[in-house]
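Trainee:
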Amino acid sequence: MQTPLPILKHLDANMISGLSLALSPIAFLLIAERAILASVIALFFVMLLDALDGIVARARGQTSSNDGWIVDVSVDRVSEAVVSLALGRIFILFTIFNMGLALLSCHYKKHAIIPLRHAILVILIAYFVLQFLMLESQPAFSILEQIIFY
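Residue numbers (this note's numbering): 1 to 150.
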């Protein structure tokens, strides 16, 4: 398989997954401190690295590796759990549900999860925009704050 970016063949997908996981506690701390813009940036990089590990695995022809797939799914779920601990209870419940889906995914060899980190990113961006526009007195902001932090 020829890749348009030969440098990808020299990277290790599992190491990229590990780096993604290592950034998750930073996102957790930033969310916990309500540094919303910084947490959006950190979470974006966590998700970017998650996408990059798949690109690297494909470039190296490792997409059929069961071990790599399990590492990817496991790292994603642990990353979600770490980030969700800084958020409201609903995200912890979704994380637990996603872990159950991940177990089923491993059993049936089909990737079936809720894109929870994507949803968290979108919600944090909406929260930041409302905060930036100084709409904190609006009911939508209050509802969003309740969802995110309680």
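All C-beta atoms, glycine included, are put in the ideal place defined by N, C-alpha and C. Since the model is a prediction, treat every value here as computed from it, not as a measurement.
Could you check the C-alpha separation between Leu11 and Asp72 for me, to the nearest Å?
Mentor: Locating residue 11 in the sequence shown gives position 11, where the first residue counts as 1. Locating residue 72 in the sequence shown gives position 72, where the first residue counts as 1. The alpha-carbon atoms of Leu11 and Asp72 are separated by roughly 15 angstroms.
Trainee: Please list, in chain order, all residues of the same chain as Phe132 whose beta carbon is under 8 angstroms from its beta carbon, the five residues on each side excluded.
Mentor: Position 132 of the sequence shown, counted from the first residue, corresponds to residue 132. No residues qualify anywhere along the chain.
Trainee: Is there contact between the region 93 to 107 and the region 125 to 139, where contact requires at least three CB pairs shorter than 8 angstroms?
Mentor: No: fewer than three Cβ pairs fall under 8 angstroms.
Trainee: Could you give the residue range of the alpha helix (DSSP H) that holds His111?
Mentor: Within the sequence shown, the letter at position 111 stands for residue 111. No alpha helix (DSSP H) holds His111; DSSP gives it neither H nor E.
Trainee: Spatial neighbours of Leu121 within its chain, please: CB distance less than 6 angstroms, with the 5 preceding and 5 following residues excluded, ordered by chain position.
Mentor: If you number the sequence shown from 1, residue 121 lands on position 121. Within the same chain, Leu121 has close Cβ partners Leu43.
Trainee: Is Ala35 helix, strand or coil by DSSP?
Mentor: Working through the sequence shown from its first residue, we reach residue 35 at position 35. Here Ala35 sits in coil by DSSP.
Trainee: Report yes or no: do three or more beta-carbon pairs, one from the region 109 to 116 and one from the region 43 to 59, lie closer than 8 angstroms?
Mentor: Not touching, per the Cβ criterion.
Trainee: Okay, do the region 122 to 131 and the region 94 to 101 touch, 3+ Cβ pairs below 8 angstroms being the bar?
Mentor: As far as the Cβ criterion goes, the region 122 to 131 does not touch the region 94 to 101, which means the pair count is below three.
Trainee: Apart from the five residues on each side of it in sequence, which residues of its chain come closer than 8 angstroms, Cβ to Cβ, to Leu101?
Mentor: To locate residue 101, count along the sequence shown from 1; it is residue 101. Here the set comprises Ala112, Ile113, Ile114.
Trainee: Relative to the alpha-carbon of Val56, which residue among Ser24, Leu124, Ala13 has its alpha-carbon at the smallest distance?
Mentor: Translated into positions along the sequence shown, residue 56 becomes position 56. The candidate whose alpha carbon is nearest that of Val56 is Ala13.
Trainee: Excluding the 5 residues flanking Ile70 on each side, which residues of the same chain have their C-beta closer than 7 angstroms to its C-beta?
Mentor: Position 70 of the sequence shown, counted from the first residue, corresponds to residue 70. Here the set comprises Cys106.
Trainee: Would you mind listing the alpha helix (DSSP H) stretches within the region 58 to 113 that are 4+ residues and don't spill past its ends, in chain order?
Mentor: Listed in chain order, they are 66 to 84, 89 to 108.
Trainee: Can you give the Cα-Cα distance for Arg84 and Gly61, rounded to whole angstroms?
Mentor: For the purposes of this step, residue 84 is taken as residue 84 along the sequence shown, with counting starting at 1. For the purposes of this step, residue 61 is taken as residue 61 along the sequence shown, with counting starting at 1. Note on residue identity: the sequence assigns Ser, not Arg, to residue 84. Cα-Cα distance, rounded: 33 angstroms.
Trainee: So the candidates are Ala59, Asn66, Ile143; which of them puts its Cα closest to the Cα of Gly88?
Mentor: The residue given as residue 88 occupies position 88 in the sequence shown. When only C-alpha atoms are compared, the closest one is Ile143.
Trainee: Can you list, in chain order, the residues of its chain with a C-beta nearer than 7 angstroms to that of Asp76? Leave out the 5 residues immediately preceding and following it.
Mentor: Numbered from its first residue, the sequence shown carries residue 76 at position 76. Around Asp76: Asp50.
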